[in-house]
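The opening position of the sequence shown corresponds to residue 89 in our numbering, with each subsequent residue numbered one higher. Backbone N, C-alpha and C fix where the C-beta goes; we use that ideal spot for every residue, glycine too.
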Amino acid sequence: MTAAKALRRGSAVLLAGCALGATAWGALTPVSSPTRDEVFEIPKGTWARRMAGDPVEILPDRIRLTLGVRDVLVLKNLDEVPQIFGPTLMMHGKSFRLPFALASSYQFACTAHASGQMTVVVEPFPGSPWARLRWRVREMWTRLRQEEASRLQQEEAST
89 MTAAKALRRG SAVLLAGCAL GATAWGALTP VSSPTRDEVF EIPKGTWARR MAGDPVEILP
149 DRIRLTLGVR DVLVLKNLDE VPQIFGPTLM MHGKSFRLPF ALASSYQFAC TAHASGQMTV
209 VVEPFPGSPW ARLRWRVREM WTRLRQEEAS RLQQEEAST
């Protein structure tokens with residue numbers, strides 16, 4: 089066997105070992121979070137932009153929470169006008185905390201959405217190794233998409 093082939097084979101084995109180790113870590117390490125809050129802000133000027141005809145979407149149509157990890161929805165109203173979420177009227181500068189204790193899908197009226205509706209999906213705690221691995225992959229994918237959307241919004245705002 090040539091040195092080049094041995095180097096390629098060793099690199100492939102090392103890469104496969106790293107992938108296996110990362111997968112095992114993701115599946116076997118307990119799921120935790122520094123806080124159980126999932127925070128969303130309604131930015132200042134949202135209502136004025138919407139009244140001016142800008143179809144601004146500042147909150148996702150569907151929010152996913154996980155029992156025992158991040159199971160408290162926190163909405164902060166930074167807009168100048170009150171906003172309604174479900175039966176709650178949030179005044180300017182106020183926050184609303186809604187803890188969930190049951191895995192289910194919940195529908196809420198929400199004036200911060202153009203559609204007037206928001207769905208909160210509360211998923212069960214990822215107790216099995218495969219559930220933990222799926223949860224971690226989905227969380228990573230969601231965070232990457234949010235960062236990309238935020239970057240695009242910043243680029244649009246600067247032009």
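* Nearest-angstrom Cα separation, counted from S246 out to G215 -> 44 Å
* Just tell me which of G204, G174, E211 and W229 has its CA closest to the CA of I146. => G204
* From the DSSP output, read off the bridge partner residues of P125. => As written in the sequence, residue 125 is Asp, which differs from the Pro given in the question. Beta-bridge pairing links D125 to V160.
* Decide yes or no for the touch test of the stretch 165 to 185 against the stretch 122 to 138: beta carbon pairs closer than 8 Å, at least 3 of them. => yes
* Asked: Pairing CB atoms from the stretch 138 to 157 with CB atoms from the stretch 185 to 199, are three or more of them under 8 Å?
  -> yes
* Might you give, ordered along the chain, the residues of its own chain that have their beta carbon closer than 8 Å to the beta carbon of E235, omitting 5 neighbours on each side? => none
* Kindly give me the distance between the Cβ atoms of R158 and R124, rounded to whole angstroms, as I take these residues to be in contact under 8 Å. => 6 Å
* Asked: Hey, would you say the C-beta of T134 is under 7 Å away from at least one heavy atom of the ligand MG?
  -> The ligand MG is absent from the structure shown, which contains no ligands of any kind.
* If you run the structure through DSSP and keep just helix, strand and coil, what is S216? -> coil
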